[in-house]
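Engineer:
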Amino acid sequence: MAWFRRSKQNIQSEGRKETPDGLWTKCGGCGEIIHRKQLEQNLYTCPKCSFHFRIGSKEYFRILLDDGSFSEMDKKMQSTDPLNFVDTKKYSDRIKETIKKTGLNDAVRTGTGKVNKISVVVACMDFAFIGGSMGSVVGEKIARAIDKSLKTRYPMIIISSSGGARMMEAALSLMQLAKTSAKLAQLSDARIPFLSLLTDPTTGGVTASYAMLGDLNIAEPGALIGFAGPRVIRQTIGKDLPKGFQRSEFLLEKGFVDMVVHRKDMKETVARMLALLAN
Amino acid sequence: MSKTVTDFERPVMELEKKIEEMRKYADNLDIAEEITKLENKVNQLRESIFANLTRWQRVQLARHPERPYTLDFVQHMLSDFVELHGDRQFGDDKAIVGGFGTLGKETVMLIGQQKGRDTKSNVYRNFGMMNPEGYRKALRLMRMAEKFQKPIITLLDTPGAYPGIEAEERGQAEAIARNLFEMSHLTVPIVVVIIGEGASGGALGMGVGDRILMFENAWYSVIAPESCSSILWRSWDYKEQAAEALKLTAPDLVEQGIVDRVVPEPPGGAHRSHEQAARILKEILLEELGELKKIKPEKLVKLRIEKFSKMGAWKD
Chain A
1 MAWFRRSKQN IQSEGRKETP DGLWTKCGGC GEIIHRKQLE QNLYTCPKCS FHFRIGSKEY
61 FRILLDDGSF SEMDKKMQST DPLNFVDTKK YSDRIKETIK KTGLNDAVRT GTGKVNKISV
121 VVACMDFAFI GGSMGSVVGE KIARAIDKSL KTRYPMIIIS SSGGARMMEA ALSLMQLAKT
181 SAKLAQLSDA RIPFLSLLTD PTTGGVTASY AMLGDLNIAE PGALIGFAGP RVIRQTIGKD
241 LPKGFQRSEF LLEKGFVDMV VHRKDMKETV ARMLALLAN
Chain B
1001 MSKTVTDFER PVMELEKKIE EMRKYADNLD IAEEITKLEN KVNQLRESIF ANLTRWQRVQ
1061 LARHPERPYT LDFVQHMLSD FVELHGDRQF GDDKAIVGGF GTLGKETVML IGQQKGRDTK
1121 SNVYRNFGMM NPEGYRKALR LMRMAEKFQK PIITLLDTPG AYPGIEAEER GQAEAIARNL
1181 FEMSHLTVPI VVVIIGEGAS GGALGMGVGD RILMFENAWY SVIAPESCSS ILWRSWDYKE
1241 QAAEALKLTA PDLVEQGIVD RVVPEPPGGA HRSHEQAARI LKEILLEELG ELKKIKPEKL
1301 VKLRIEKFSK MGAWKD
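Going line by line, the protein sequences match chains A and B. When we follow this note's numbering, the leftmost residue of the first sequence carries the number 1, and every step to the right adds one. When we follow this note's numbering, the leftmost residue of the second sequence carries the number 1001, and every step to the right adds one.
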């Protein structure tokens, strides 16, 4: 019990929502203290309020794909810092540090795998890598994954989690929106299904390209999904935003996602859809 | 003469003013030689200033309030322009104009983002910031152009897609994504020209084409330098450094393999003569469209997708 209570909530921290390392973790939704094992068993969702924790590609592949079916593509691909970008830090240093910290080479991992024995090409973004931002590497890996899908005719699945295009590659990052969308047009012309899975958060350039272009757009509950970030909108219009604005349920209501699916039901849902499309 | 003067243009403007004053008395006095000398000096000065513009200075020129906008190019480049309105779903976005017109001898579909010149017209045009219905209007017009086999020209000039509640409700992201997707496999030639500000997804949402042209003093990037400064430096004061870091000018983008061709501007910038800027662009457009016309539709689409597939830098 707190013995001191704020009368007004004037300071709010966004809080870190990444998968924690400690034994116990606090739910970002209801504040429940959850044991790590229990959280894992519950696919990183709160057993009490169903809050979906942010997870990485490693966890998501385990949730979505049949055991041992994942085979990674372009594992070593890295950014070259084409613009020699420097802000308060060199971009090349930022990449090196992030690679060391996360054990990932960039913000997306791609490959082939199976969902209930159905072969798929799959890509999953990692928010932990510079905010899941899309630069040349993300664009190229997704483009190559789509090529793989075109070649094998396996359905394509992309799990998005991103703050948008990566600023440190400037216009080259921007062009990845066009690049990935153009490849998806090819995939669509070849009549190969593309399922876009949207997780928290999916904003900016990723939403404005492949994340919104699924034959089916499927969102996890409560995920922030939008073009402009809420802070920018608040600044522009000078008003508070309505409750639930830009969340999955809001997008379902407005007609931009087909369904909102709990992480525990995601694999079944994807498999059922793929079976329906294949038969 | 230009009413708005940027700092770096001032020395040129001051000399030009002096020459104009001298001209008034030229009939009475024998100062023709003097004037010619001064004119040469002005030209030299202008050349040296414009040859060494910083990236931030170019951003300022791209935003110059007297810069030619889409409708100025329409006026000076096309005959018979008929503006078409609405996305047939929600409304008519005034931040974008589009319609059929005649370029040289041929009908083209021209679509461009449109800013206003003063407060009133800027409010009407929403400062050139499009809403989802704007992208959908553009797509409707582009599909019609495809149906009637007319080439498409898009002119980009926007500080960004509008970040508002309603824009999100109506699917700003989906509208932009859909345009990228559809533009990449339209079967008619598309020439994209960045005429002023090419701010991020808001500009790119009409920017997929067979040829990407860019005016000498336009900018094109993933974010405006001010916003980049506020995010990466956590202060609005580093816009000059941000502009440098983003490498957002036309020559930069040619080097990055994004822009095919720089459109030269009249001496002193496009705002000094709309007519001349339009004449230069028209000539280049005719040339590019002439080339693109020779390519078969399926090949055109294939080449366009390949063009964008190559963009970026990575190591395996």
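Beta carbons: idealized from backbone N, C-alpha and C, even for Gly. Everything numeric in this text was worked out from a predicted model, so none of it was measured.
Evaluate Arg153 of chain A with the Cβ neighbour count: other Cβ atoms within 10 Å of its Cβ, from every protein chain shown; 16 or more gives buried, anything less gives exposed.
Structural biologist: The residue is exposed, with fewer than 16 neighbouring Cβ atoms inside 10 Å.
Engineer: Is DSSP giving Pro1132 of chain B helix, strand or coil here?
Structural biologist: It is helical.
Engineer: Going by CA-CA distance only, name the one from B:Ser1235, B:Glu1039, B:Glu1169 that's closest to Ile225 of chain A.
Structural biologist: The candidate whose alpha carbon is nearest that of Ile225 of chain A is B:Glu1169.
Engineer: From which residue to which residue does the beta strand (DSSP E) around Leu1053 of chain B run?
Structural biologist: Careful: Leu1053 of chain B lies outside any beta strand (DSSP E) and carries neither H nor E.
Engineer: Helix, strand or coil for Lys114 of chain A per DSSP?
Structural biologist: Note: Lys114 of chain A maps to strand in three-state DSSP.
Engineer: Quick one: measure Cβ to Cβ for Arg1088 of chain B and Leu1139 of chain B, integer angstroms, because I've assumed they're closer than 8 Å.
Structural biologist: Their Cβ separation, rounded to whole angstroms, is 10 Å, which puts Arg1088 of chain B and Leu1139 of chain B out of contact at 8 Å.
Engineer: What residue range is occupied by the uninterrupted alpha helix (DSSP H) comprising Tyr91 of chain A?
Structural biologist: Looking at the DSSP string, the run of the alpha helix (DSSP H) that includes Tyr91 of chain A is 91–102.
Engineer: Across which residues does DSSP place His1085 of chain B in a beta bridge pair?
Structural biologist: The partner list for His1085 of chain B (beta bridge, DSSP) is empty, contrary to what the question assumes.
Engineer: Apply the 10 Å Cβ neighbour rule to Ile1195 of chain B and answer buried if 16 or more other Cβ atoms are within range, or exposed otherwise.
Structural biologist: So Ile1195 of chain B ends up on the buried side.
Engineer: Looking at the secondary structure, which residues open and close the alpha helix (DSSP H) in which Lys1299 of chain B lies?
Structural biologist: Its alpha helix (DSSP H) spans residues 1297–1309.
Engineer: Tell me whether the beta-carbon of Gly132 of chain A lies closer than 7 Å to the beta-carbon of Ser173 of chain A.
Structural biologist: No, the Cβ-Cβ distance between Gly132 of chain A and Ser173 of chain A is not below 7 Å.
Engineer: Distance cutoff 7 Å, beta carbons only. Does Trp1236 of chain B sit that close to anything in chain A?
Structural biologist: Cβ-Cβ to chain A under 7 Å: no for Trp1236 of chain B.
Engineer: By how many angstroms is the C-alpha of Asn84 of chain A removed from the C-alpha of Gly96 of chain A?
Structural biologist: It should be pointed out that residue 96 of chain A corresponds to Lys in this sequence rather than to Gly. Spanning the two alpha carbons is a distance of roughly 14 Å.
Engineer: With DSSP as the reference, label Cys49 of chain A as helix, strand or coil.
Structural biologist: Here Cys49 of chain A sits in coil by DSSP.
Engineer: For chain A, find out if any of its Cβ atoms is closer than 7 Å to the Cβ of Lys1239 of chain B; answer yes or no.
Structural biologist: So no, Lys1239 of chain B is outside the interface.
Engineer: Is Phe70 of chain A close to chain B? Criterion is C-beta to C-beta, closer than 7 Å.
Structural biologist: Closer than 7 Å: no.
Engineer: Run the CB neighbour count on Ala1320 of chain B, radius 10 Å, all protein chains shown included, and call it buried at 16 or more, exposed below.
Structural biologist: Because chain B is modelled from 1001 through 1316, residue 1320 of chain B falls outside the range shown and cannot be assessed.
Engineer: Cβ of Gly1112 of chain B within 7 Å of Cβ of Leu1078 of chain B?
Structural biologist: Cβ distance not < 7 Å, so Gly1112 of chain B and Leu1078 of chain B don't count as in contact.
Engineer: Run through DSSP, which three-state label would Thr1187 of chain B get?
Structural biologist: Here Thr1187 of chain B sits in coil by DSSP.
Engineer: With distances taken between CB atoms, is the gap from Leu64 of chain A to Arg263 of chain A smaller than 7 Å?
Structural biologist: Result no, Cβ atoms of Leu64 of chain A and Arg263 of chain A do not sit closer than 7 Å.
Engineer: Which residues in the same chain as Ser72 of chain A place their Cβ atom closer than 8 Å to its Cβ, once the five residues preceding and following it in sequence are excluded?
Structural biologist: It is worth fixing the name first, because residue 72 of chain A is Glu in this sequence and not Ser. Hits under 8 Å: Arg109, Thr110, Gly111.
Engineer: Closer than 6 Å by C-beta to Arg1282 of chain B: which residues in its own chain qualify, once you throw out the five before and the five after it? Chain order, please.
Structural biologist: As written in the sequence, residue 1282 of chain B is Lys, which differs from the Arg given in the question. If we look at Lys1282 of chain B and ignore the five residues flanking it on each side, its Cβ neighbours are Met1077.
Engineer: Note down, in chain order, each residue of its chain lying with its Cβ closer than 8 Å to the Cβ of Leu1103 of chain B, except the 5 sequence neighbours on either side.
Structural biologist: Excluding positions up to five away in sequence, the list reads Met1077, Leu1078, Leu1110, Ile1153, Lys1282, Leu1285, Leu1286, Leu1289.
Engineer: Can you tell me the Cα-Cα spacing of Gly1207 of chain B and Gly1171 of chain B, whole angstroms?
Structural biologist: Whole-angstrom Cα-Cα distance: 19 Å.
Engineer: Using a beta-carbon distance below 7 Å, is Ala271 of chain A in contact with chain B?
Structural biologist: Chain B, which has no Cβ nearer than 7 Å to the Cβ of Ala271 of chain A, makes this no.
Engineer: Would you please verify whether the beta carbon of Val232 of chain A is less than 7 Å from any beta carbon of chain B?
Structural biologist: Chain B contact via Cβ: present.
Engineer: If you measure from the beta carbon of Phe1314 of chain B to each beta carbon in chain A, is any gap under 7 Å?
Structural biologist: The sequence given here has Trp at residue 1314 of chain B, not Phe. At least one chain A Cβ lies under 7 Å of Trp1314 of chain B.
Engineer: Going by Cα to Cα distance, which pick from B:Leu1015, B:His1271, B:Arg1063, B:Glu1298 is closest to Phe1127 of chain B?
Structural biologist: If we check each option's Cα against that of Phe1127 of chain B, B:Arg1063 comes out closest.
Engineer: Considering only the beta carbon of each residue, do Phe194 of chain A and Met156 of chain A sit closer than 7 Å?
Structural biologist: Closer than 7 Å, so yes.
Engineer: Whole angstroms are fine: how far does the CA of Gly56 of chain A sit from the CA of Ala128 of chain A?
Structural biologist: Cα to Cα, the separation comes out at about 7 Å.
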